[in-house]
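K.L.:
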Amino acid sequence: MSHAALPPLPSDDAHQSACENCGTPLQGDFCHACGQSTHSPVRNVAHAVEEVFESFWHLDGRIFRTLRDLFVPGRIANRYLGGHRVRYVAPMRLFVILTLLTFFVAKFVVQDAMQDVQPGQMVRTDDVATEFAQARTVDEVRTMRDDALAGIAETRRTVGALPGVSPQLDIAAAEVRAHADTRIAALAPEGTALTGMDAVSADSAAAGDTQAAATPASDDVDMPMSGPPTIGGPIGERIERNIERFNNDPQIFVRALFGVAPTALFILVPLFAVLLKLLYLFRGRLYLEHVVVGLYSHAALMLALLLVLCGALASPWLATHAAWSTGILGFAQILLLWAMPVYLLLMQKRVYGQSWPWTLVKFAIIGMAYFALFLSVAIPMAGYALYAL
Numbered sequence: 039m040s041h042a043a044l045p046p047l048p049s050d051d052a053h054q055s056a057c058e059n060c061g062t063p064l065q066g067d068f069c070h071a072c073g074q075s076t077h078s079p080v081r082n083v084a085h086a087v088e089e090v091f092e093s094f095w096h097l098d099g100r101i102f103r104t105l106r107d108l109f110v111p112g113r114i115a116n117r118y119l120g121g122h123r124v125r126y127v128a129p130m131r132l133f134v135i136l137t138l139l140t141f142f143v144a145k146f147v148v149q150d151a152m153q154d155v156q157p158g159q160m161v162r163t164d165d166v167a168t169e170f171a172q173a174r175t176v177d178e179v180r181t182m183r184d185d186a187l188a189g190i191a192e193t194r195r196t197v198g199a200l201p202g203v204s205p206q207l208d209i210a211a212a213e214v215r216a217h218a219d220t221r222i223a224a225l226a227p228e229g230t231a232l233t234g235m236d237a238v239s240a241d242s243a244a245a246g247d248t249q250a251a252a253t254p255a256s257d258d259v260d261m262p263m264s265g266p267p268t269i270g271g272p273i274g275e276r277i278e279r280n281i282e283r284f285n286n287d288p289q290i291f292v293r294a295l296f297g298v299a300p301t302a303l304f305i306l307v308p309l310f311a312v313l314l315k316l317l318y319l320f321r322g323r324l325y326l327e328h329v330v331v332g333l334y335s336h337a338a339l340m341l342a343l344l345l346v347l348c349g350a351l352a353s354p355w356l357a358t359h360a361a362w363s364t365g366i367l368g369f370a371q372i373l374l375l376w377a378m379p380v381y382l383l384l385m386q387k388r389v390y391g392q393s394w395p396w397t398l399v400k401f402a403i404i405g406m407a408y409f410a411l412f413l414s415v416a417i418p419m420a421g422y423a424l425y426a427l
């Protein structure tokens with residue numbers, strides 16, 4: 039049985055009379071019915087590479103115009119909803135691109151926040167006994183003890199709600215008091231009884247150890263020399279490492295919050311559109327129109343957040359090579375953060391066109407509801423991000 043011979047493939051330079059996809063007669067390099075190009079990527083390496091980057095090149099032709107108009111609150115949303123879509127990057131695509139870029143930069147910011155500090159810049163709980171042993175007077179021990187407990191109490195107020203942190207703070211506070219009382223007992227004259235203030239510091243209640251505060255110690259009480267037991271395994275080591283970092287740098291949680299903000303904003307876009315739909319129910323706009331407004335507004339927020347995160351990454355380098363510019367960079371970051379709500383207010387006014395009183399009332403309602411949603415999503419995510427590293 040003989041098989042019918044397949045027709046030879048035309049060369050890439052050969053003129054095609056009909057579209058290979060739909061058979062429509064061609065009048066140029068693209069089919070006017072389905073849009074397929076006459077250039078075949080399976081016959082020419084250059085065209086194969088071009089096809090890989092085609093969407094990027096097409097995006098690049100509009101991205102600068104889109105970003106330029108995005109800086110003007112409400113302009114791009116009004117024009118897109120008014121039918122001028124070909125000039126701009128689609129809202130979902132723009133939001134995804136800016137989100138991916140922000141994710142990428144935020145990852146480095148979180149990693150930088152979790153890097154170990156230089157040796158000697160923080161007090162480790164393992165070194166508590168050594169530091170107290172260097173004290174030469176009882177008053178010096180008391181001062182060191184009170185300072186350490188105050189630091190633990192401050193850490194508790196800042197990050198005590200994170201998983202596993204509170205028990206570790208209790209252990210650290212008990213260890214500080216134990217080593218302080220041991221050193222005070224060694225420095226006190228022989229036969230002198232310790233007072234309740236020496237046995238348990240006045241800050242013990244703030245540190246969360248009310249049981250210890252109710253039981254004063256004396257010379258007859260055996261004090262543990264090695265400190266309370268600690269949580270073993272990788273989880274315990276991770277918790278102890280994070281506690282040390284929290285004590286050294288209270289701003290670490292703020293940076294982690296910025297790191298997870300892109301993910302939280304991505305989750306909140308449809309909820310933001312729901313809020314707009316509810317408050318502008320009688321404006322005659324479809325839900326997807328509110329989604330477009332939400333996507334462009336969040337794209338603007340992503341762009342501003344991306345610039346803030348880039349500034350956070352550049353700050354250490356500028357502090358070393360151009361210290362004079364760090365103040366300018368910090369001011370620019372603060373200005374960008376303050377500009378975010380102002381941008382959203384102006385965008386809401388220009389897109390929906392209501393009077394300023396109604397716009398301010400609805401903006402306040404949306405702002406409070408959205409802020410509550412953001413915190414309910416972002417804070418657990420930031421806590422988990424720090425705990426997981």
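The opening position of the sequence shown corresponds to residue 39 in my numbering, with each subsequent residue numbered one higher.
Backbone N, C-alpha and C fix where the C-beta goes; we use that ideal spot for every residue, glycine too.
What you are looking at is a predicted structure, and each value in this text was computed from that prediction instead of being measured.
Quickly, what does DSSP pair Ala377 with across the bridge? List them, please.
P.N.:
The partner list for Ala377 (beta bridge, DSSP) is empty, contrary to what the question assumes.
K.L.:
Quick one: is Ile114 buried, meaning 16 or more other Cβ sit within 10 Å of its Cβ, or exposed?
P.N.:
Buried, because 16 or more other Cβ atoms sit within 10 Å of the Cβ of Ile114.
K.L.:
Spatial neighbours of Ser55 within its chain, please: CB distance less than 8 Å, with the 5 preceding and 5 following residues excluded, ordered by chain position.
P.N.:
The residues are Pro63, Leu64.
K.L.:
List the DSSP bridge partners of Phe409.
P.N.:
Answer by DSSP bridge pairing: none, since Phe409 is not bridged.
K.L.:
Please state if the CB of Leu356 and the CB of Leu367 are separated by a distance shorter than 8 Å.
P.N.:
Cβ atoms of Leu367 and Leu356: closer than 8 Å.
K.L.:
Would you check if the region 116-136 and the region 180-189 touch, i.e. whether three or more CB-CB distances between them fall below 8 Å?
P.N.:
Counting Cβ pairs under 8 Å, fewer than three are found: no touch.
K.L.:
With a threshold of 16 other CB atoms inside 10 Å of the CB of Phe176, please say whether the residue is buried or exposed.
P.N.:
What sits at residue 176 in the sequence shown is Val, not Phe. Looking at its Cβ environment, which holds 16 or more other Cβ atoms inside 10 Å, Val176 is buried.
K.L.:
Rounded to the nearest angstrom, how far is the Cβ of Val147 from that of Phe296, given a contact under 8 Å?
P.N.:
Contact flag correct, Cβ pair sits at about 6 Å.
K.L.:
Please report the distance separating the alpha-carbon of Ile305 from that of Tyr408.
P.N.:
Cα-Cα distance, rounded: 12 Å.
K.L.:
Between which residues of its own chain and Cys69 is the CB-CB distance below 6 Å, once the five residues before and five after are set aside?
P.N.:
Here the set comprises Cys57, Thr62.
K.L.:
The alpha helix (DSSP H) spanning Val331 covers which residue range?
P.N.:
From DSSP, the alpha helix (DSSP H) with Val331 extends over 325-359.
K.L.:
Distance, Cα to Cα, Ala218 vs Leu383?
P.N.:
Those two C-alpha atoms are separated by around 55 Å.
K.L.:
Do you know how far the Cα of Ala212 is from the Cα of Val389?
P.N.:
Distance between the alpha carbons of Val389 and Ala212 is about 58 Å.
K.L.:
Pop quiz: Ala173 and Arg221 are said to be a contact at Cβ under 8 Å. What is the actual Cβ separation, rounded to whole angstroms?
P.N.:
The Cβ separation is near 6 Å, so the contact holds.
K.L.:
Of the residues Leu108, Gly73, Gln74, which one's Cα is nearest the Cα of Gly332?
P.N.:
Of Leu108, Gly73, Gln74, the residue nearest in Cα terms is Leu108.
K.L.:
Apart from the five residues on each side of it in sequence, which residues of its chain come closer than 8 Å, Cβ to Cβ, to Ala240?
P.N.:
Residue confidence for Ala240 is low, a pLDDT of 39 falling below 50, so the modelled location carries little weight; the figure read from the coordinates is stated next. Excluding positions up to five away in sequence, the list reads Asp184.
K.L.:
What does the alpha-carbon distance come out to for the pair Val307 and Thr301?
P.N.:
Answer to the nearest angstrom: the Cα atoms are 10 Å apart.
K.L.:
Could you tell me the distance, in whole angstroms, from the CA atom of Arg117 to the CA atom of Pro129?
P.N.:
Taking the straight line from one Cα to the other gives about 12 Å.
K.L.:
How would you label Ala294, buried or exposed, when you count the other beta carbons within 10 angstroms and need 16 or more for buried?
P.N.:
The residue in question, Ala294, is buried, as its Cβ has 16 or more Cβ neighbours within 10 Å.
K.L.:
Among Lys387, Val143, Ala410, Leu413, which one has its Cα closest to the Cα of Phe401?
P.N.:
Comparing Cα-Cα distances from Phe401 to each of Lys387, Val143, Ala410, Leu413, the minimum goes to Lys387.
K.L.:
Excluding the five sequence neighbours on either side, which residues of its own chain have a C-beta within less than 6 Å of the C-beta of Cys512, listed in chain order?
P.N.:
The requested residue 512 is not part of the displayed model; the chain covers only 39 to 427.
K.L.:
Can you grab the Cα-Cα spacing for the pair Met406 / Ser75, in whole Å?
P.N.:
Between Met406 and Ser75, the C-alpha separation is close to 51 Å.
K.L.:
State the beta-bridge partners of Ser75 as determined by DSSP.
P.N.:
Partner(s): Phe68.
K.L.:
Could you tell me the distance, in whole angstroms, from the CA atom of Arg454 to the CA atom of Met340?
P.N.:
An answer regarding residue 454 cannot be provided, because it is not within the stretch 39 to 427 covered by the chain.
K.L.:
Is the beta carbon of Leu303 closer than 8 Å to that of Leu139?
P.N.:
No. Outside cutoff.
K.L.:
Count the other CB atoms, across all protein chains shown, that sit within 10 Å of the CB of Ile372; report buried if there are 16 or more and exposed otherwise.
P.N.:
Per the 10 Å Cβ criterion, exposed.
K.L.:
Quick one: what's Ala216 bridged to in DSSP?
P.N.:
For Ala216, which the question treats as bridged, DSSP gives no partner whatsoever.
K.L.:
Under the rule that 16 or more other beta-carbon atoms within 10 Å means buried, what is Thr104, buried or exposed?
P.N.:
By the neighbour-count rule (16 or more Cβ atoms within 10 Å), Thr104 is buried.
K.L.:
Flag this pair as yes or no: are the beta carbons of Tyr325 and Ala311 separated by less than 8 Å?
P.N.:
Cβ atoms of Tyr325 and Ala311: closer than 8 Å.
K.L.:
List the whole-angstrom C-beta distance separating Ala144 from Leu319, where the pair is believed to meet the contact cut-off of C-beta under 8 Å.
P.N.:
Contact doesn't hold; Cβ gap of about 35 Å is too wide.
K.L.:
Quick one: using the 10 Å Cβ neighbour count with 16 as the cut-off for buried, is His359 buried or exposed?
P.N.:
By the 10 Å Cβ count, His359 comes out exposed.
K.L.:
So the candidates are Ala210, Thr168, Phe170; which of them puts its Cα closest to the Cα of Ala188?
P.N.:
Cα-wise, what sits closest to Ala188 is Ala210.
K.L.:
Have a look at Thr268 and Ala350 and give me their C-alpha separation to the nearest angstrom.
P.N.:
Since pLDDT at Thr268 reaches only 45, below the 50 mark, its modelled position is unreliable, and no value is offered.
K.L.:
How would you label Pro111, buried or exposed, when you count the other beta carbons within 10 angstroms and need 16 or more for buried?
P.N.:
Classification of Pro111: buried, given that the 10 Å Cβ count is 16 or more.
K.L.:
Can you tell me whether Phe142 is buried or exposed, with buried defined as 16 or more other CB within 10 angstroms of its CB?
P.N.:
Burial call: exposed.
K.L.:
Here's a check: name, in chain order, each residue in its chain whose Cβ is nearer than 7 Å to the Cβ of Ser353, leaving out the five neighbours to either side.
P.N.:
Excluding residues within five positions, the ones whose Cβ falls inside 7 Å are Thr364, Leu367.
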